[in-house]
Amino acid sequence: MPISNSLFTILTHHFSTARNLSKLPNLSKIPGKYRPQAIHEAQKALTDYLHTTRTLPFTYAEHIAKNSLFSVSNLIVKLEFSPTDFYKSFQRFLRYHPINEFEFFFESIGLDYSEVNDILPANKFFFSEDGTVLNAACALSGFGFPWNMLGKLYKEEVSIFSRSSEELKARLCGFKEYGLSNISVIGICLAFPHVLCGEGELDSEIDALFDDLKRVFLDFDLVSSIEGNVDAWYEVCRKIRVFYDLGCAKGTMGELMGRSKHAFVEYSEEVLAQKAEYFCRFGVGEEDVGLLLLQSPEILSLDLETPVVSVLGFLKHFGLDTEELMLVSQKYPYVLGRNKMANLPNVLRALNLHEWFFDKIKSGSHQLLANYVLSDLDEDLDREFRDGLDKIQCSRTPIHNMNKLNFLHGIGFGENALTMKVLAHLHGTSSELQERFDCLLRLGVKFSNLCMMVRSTPKVINQRPETIEQKVNFLCHEMGSSLEYLDIFPAFLCFDLENRIKPRYNFHVRLTEKGLCTKPYSIASIIATSEKNFVARLSGIHPDAPKKWSEYISRKKSQGS
47 MPISNSLFTI LTHHFSTARN LSKLPNLSKI PGKYRPQAIH EAQKALTDYL HTTRTLPFTY
107 AEHIAKNSLF SVSNLIVKLE FSPTDFYKSF QRFLRYHPIN EFEFFFESIG LDYSEVNDIL
167 PANKFFFSED GTVLNAACAL SGFGFPWNML GKLYKEEVSI FSRSSEELKA RLCGFKEYGL
227 SNISVIGICL AFPHVLCGEG ELDSEIDALF DDLKRVFLDF DLVSSIEGNV DAWYEVCRKI
287 RVFYDLGCAK GTMGELMGRS KHAFVEYSEE VLAQKAEYFC RFGVGEEDVG LLLLQSPEIL
347 SLDLETPVVS VLGFLKHFGL DTEELMLVSQ KYPYVLGRNK MANLPNVLRA LNLHEWFFDK
407 IKSGSHQLLA NYVLSDLDED LDREFRDGLD KIQCSRTPIH NMNKLNFLHG IGFGENALTM
467 KVLAHLHGTS SELQERFDCL LRLGVKFSNL CMMVRSTPKV INQRPETIEQ KVNFLCHEMG
527 SSLEYLDIFP AFLCFDLENR IKPRYNFHVR LTEKGLCTKP YSIASIIATS EKNFVARLSG
587 IHPDAPKKWS EYISRKKSQG S
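Under our numbering, read the sequence shown as residues 47 to 607, first letter to last.
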C-alpha cells in the first residue's frame, strides 16, 4: 500500500540520524595522537577570529567554531601541522584566507554538512553583508535554544530565520503566558516549528495547539513526568506531534491526550509511529488511527509483528460464525492457512474485512488482539505448503524464491497450496512485484479484487509498472471501459498493447463505424481469441474483412520498421 504524505512524515521526519563521522576530511597527515589537539586548537583559533576580527559576540563565535567540525577539518588539511605552533599557524591562515562564515554557521546549527552548499547565500561570505540569519539564531539561543538544534527549525520553517530578533522574542514570551517555562516552550517550538512563524489564520491554529498542550502539560500534570531539559521536552513534544500528523484536530485533543498521558512517557516515538503505521495499513482514516491509539493506549504494548495467526481461527476469535467462515473459505481460499500478525492488515484487506475488523477494535475489542493464540501447534498447518517450502530450500535460488513468497504473504496470501501455485508463475524480485502491485492499487484497483486477480492470473504483475499503466489507460480512456472490467478479464493486462490490443480493437472499431459489424463483441472476445479464430470471426462479419485485416497488420508492421 503506498504511504500517504502524512504517514511518510511520521516515519521519516520524526527520526533524526546521527552524523556519519567517517565522511570527515582525511587527517592522516597528522599523527593520531595529535589530531584531537589539532581540532581543539583550530576551533579555538576560529573562535578568536570570529570574535576579535569579525566582531561576533564571544558566545556565538564559540558556538559556531565548536559545532562546525567538517568545515574546520577542511581548513586543517590545508595546513602543515606542528604540535608546537599549530594555533598560530591557523590564526595566520585565517588572517589571509577569509572563510565563508555562512558555511560554518549552517553546519554549526545542526544542518547536515552535505546539504550546506545548497543553501549558502549567493555572493555573500560575511555576516556583515547580511546578518539576518545570525541575528535570528542569536535571539533563539538567548532564549535558551541549544545552538546545534536550531537546524531543526531551519529545515522545516526557513522563514523563521528571516524574522527580526524582536519578533521572535515577542512570540516566545507570548507562549510563556500559557504558564509554560522557557524549556517547555523550546521543546514545543522544536517539535512544532511553524508556531514561530504564524500569521492570520495560522495564529488561531497555533492558539488551539497551545490550548491542547496547556491542558496536557499543566491541567493533567504531564509536566511532572518530564525531566527538566530541552531534549526531554523535545522528545515528548515529538510524540505528541505524531497524532497531529495523523490528522487529529488541534484544539480538540487536550482532554484525550491528558487522560492517556502515560503513553507519552512509557513509549518511544518509534513505537508510536510504528503502531500508527500498522493500523493505517488497514486502509482506514489516519485520524481514526490516532484516536484509537489514544483511546486504547494498551494497544501500544502489544507485539503486532512476530505472533503467527491461523486466519480462520483468528476470524472465529473475533466473532465470525460457522456460516460466515464457510463463505470466507469458499471465496478466498488463497488467504487461508497461517500468516504473521505483521501481515494481518493486508490479510483482512484481501478478505475485504478490514473495515469490519477496525470497527471491532475501535469499539473495544482490542483485548482480543492481546489474548489471541494458536489453539495448538498443528492448527492450520498445510502439508502441501510445507512440501513447497522444502522444494524452495533445495532450489537454485532459495533466497530469491523466499523473498517472492514473503511478498505474497505480505499482500495477504496464506500458507497454503494455492499460494505455492501462484508463486510458480511470478517473475521478478520481491521489490519489483511490490512495485507492480502498488501501481495497480494507485490506478484504483480495489485491494481485495487485485488479490483475486493475482490468484487467477499471476502474470498481471509480471510486467513493468509503466506497461501496466499504459494498458489500464487504454482500457479506460480509449476503450471506454472501467477498472471493474479487470475483475472479469484480468488477463487483459497480459496481452501486448501495441501488437495485440490496439490493432484488434481499432480494426473492430473501423468495422463498426462502417456499419459492417452490428453484433456487439466483448473486449475479452476481441483480445483473447486466437489469431485463427479471430480471422474466422472476421470472415463471418464480412467476406473482405480478413483481407483488410491482413493489409492493416502489414501496414502497421511496415510503419513500425
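Cβ coordinates follow ideal geometry from the N, Cα and C atoms, glycine included.
- In this structure, the straight-line span from the alpha carbon of residue 557 to that of residue 394 is close to 46 Å.
- DSSP, reduced to helix, strand and coil, places residue 384 within a strand of the structure shown.
- Secondary structure of residue 502 (DSSP, three-state): helix.
- Inclusion of residue 386 and residue 335 in the CB contact set at 8 Å is not warranted, their separation being larger than that value.
- Counting only runs of 4 or more residues that sit fully inside the region 559-588, the alpha helix (DSSP H) segments are 569-573, 577-587, in chain order.
- One thing to note: residue 538 has its Cβ within 8 Å of the Cβ of residue 532.
- In this structure, residue 266 sits away from residue 221, with a CB-CB distance that is not shorter than 8 Å.
- Secondary structure remark: continuous beta strand (DSSP E) runs of at least 3 residues inside the region 450-488: none found.
- Assignment of residue 356 by DSSP, reduced to helix, strand and coil, places it in the strand class.
- Apart from the 5 residues on each side of it in sequence, residue 571 has no Cβ closer than 6 Å to any other Cβ in its chain.
- Residue 384 holds the alpha-carbon nearest to the alpha-carbon of residue 425 among 397, 384, 444.
- Three or more Cβ pairs closer than 8 Å define a contact, and the region 123-139 falls short of that threshold against the region 174-192.
- Collapsing the DSSP output to three states places residue 362 in a helix.
- Rounded to the nearest angstrom, the gap between the Cα atoms of residue 338 and residue 477 is 31 Å.
- Separation of residue 162 and residue 82 (C-alpha to C-alpha, rounded to the nearest whole angstrom) is 24 Å.
- Contact between the region 364-376 and the region 431-442 is absent: fewer than 3 CB-CB pairs across the two stretches fall below 8 Å.
- In this chain, the alpha helix (DSSP H) harbouring residue 221 covers 211-222.
- Sequence-distant Cβ neighbours of residue 243 in its own chain, meaning closer than 8 Å and more than five residues away, are 203, 205, 206, 209.
- With respect to residue 123, residue 92 sits apart: the two C-beta atoms are not nearer than 8 Å.
- Take the alpha-carbon of residue 521 and the one of residue 515: they are about 10 Å apart.
- Excluding residues up to 5 positions away in sequence, nothing lies with its Cβ nearer than 7 Å to the Cβ of residue 523 in the same chain.
- The beta carbons of residue 283 and residue 233 sit about 5 Å from each other, so the pair counts as a contact at 8 Å.
- Excluding its 5 nearest sequence neighbours in each direction, residue 166 has C-beta neighbours in its own chain below 8 Å: 146, 148, 149, 152, listed in chain order.
- Inclusion of residue 360 and residue 418 in the CB contact set at 8 Å is warranted, their separation being smaller than that value.
- According to the DSSP assignment, residue 375 belongs to the alpha helix (DSSP H) that extends over 368-377.
- Residue range 309-312 is occupied by the alpha helix (DSSP H) that includes residue 310.
- A straight-line Cα-Cα distance of about 6 Å links residue 252 and residue 241.
- Look at residue 328 here: in three-state DSSP terms it is coil, with no helix or strand label.
- Here residue 527 really is in contact with residue 569; their C-beta atoms are around 6 Å apart, less than 8 Å.
- Residue 598 sits in a helix when the DSSP states are folded into three classes.
- Burial is judged here by how many other beta carbons sit within 10 angstroms of a residue's own beta carbon; residue 423 has fewer than 16 and is exposed.
- Per DSSP, reduced to three states, the secondary structure at residue 109 is helical.
- For the pair of segments examined, the region 468-476 was found to touch the region 436-456: the number of CB pairs separated by less than 8 Å reaches three.
- The beta carbons of residue 154 and residue 193 sit closer together than 8 Å.
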